[in-house]
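Each remark here refers to the structure printed beneath this line.
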Amino acid sequence: MQLFGIGIDVVEVARIESSLEEFGDKFLNRIFTSREQSYCLRQKRPHLHLAARFAAKEAISKAFGTGIGKDVGWLDLEVVRKPSGEPGVELTGRAAAFFERNGLSEIKVSLTHAEHYAAANAVVLAKE
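Here the sequence shown is numbered in this note's numbering, starting from 386 and rising by one per residue.
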């Protein structure tokens, strides 16, 4: 496998909390899939988990070299919890098409969060 790209993002948890308070479901439905919302909103501090997923989506889009926009949309990237407990990503729509078009093989993502910040790293690998 060959390295295609890496990405990192840090998010202030208060920013996500503020967006949720101001825009409610409109914000949630624009950024997070229903499975992401279901998982995060069940947690004791949902804002931490939402912020980490927001950071992951940004980090993945940076690793793709596209950012969020024309080639990759917010809902095209779904951060999931694998049975092992580690985070993973499932692609749909434009992100899945980008993945295939560029001969990519794997995305590794790491999430972390503390009281005020959430962060994520993403590594995208290509087929040789």
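Virtual Cβ for every residue (Gly too), placed ideally from N, Cα, C.
These figures come from a predicted structure and were not determined experimentally.
Limits of the beta strand (DSSP E) - the one that residue i falls within
| i | result |
| --- | --- |
| residue 445 | No beta strand (DSSP E) contains residue 445, which is instead part of the alpha helix (DSSP H) from 431 to 449. |
| residue 411 | Here residue 411 belongs to no beta strand (DSSP E); instead the alpha helix (DSSP H) covers 410 to 416. |
| residue 397 | 387 to 397 |
Whether residue i touches residue j by CB criterion (8 Å)
| i | j | result |
| --- | --- | --- |
| residue 466 | residue 424 | yes |
| residue 447 | residue 410 | no |
Residue from the options whose Cα sits closest to the Cα of residue i
| i | options | result |
| --- | --- | --- |
| residue 471 | 456, 397 and 492 | 492 |
| residue 405 | 488, 494, 497 and 439 | 439 |
| residue 489 | 421, 407, 396 and 508 | 508 |
| residue 433 | 451, 503 and 386 | 503 |
| residue 418 | 402, 435, 403 and 407 | 435 |
Residue range of the alpha helix (DSSP H) that includes residue i
| i | result |
| --- | --- |
| residue 419 | 419 to 426 |
Uninterrupted beta strand (DSSP E) stretches inside the segment 463 to 506 (no shorter than 3 residues): If we require 3 residues or more, the beta strand (DSSP E) runs fully inside the segment 463 to 506 come out as 472 to 476 and 489 to 498.
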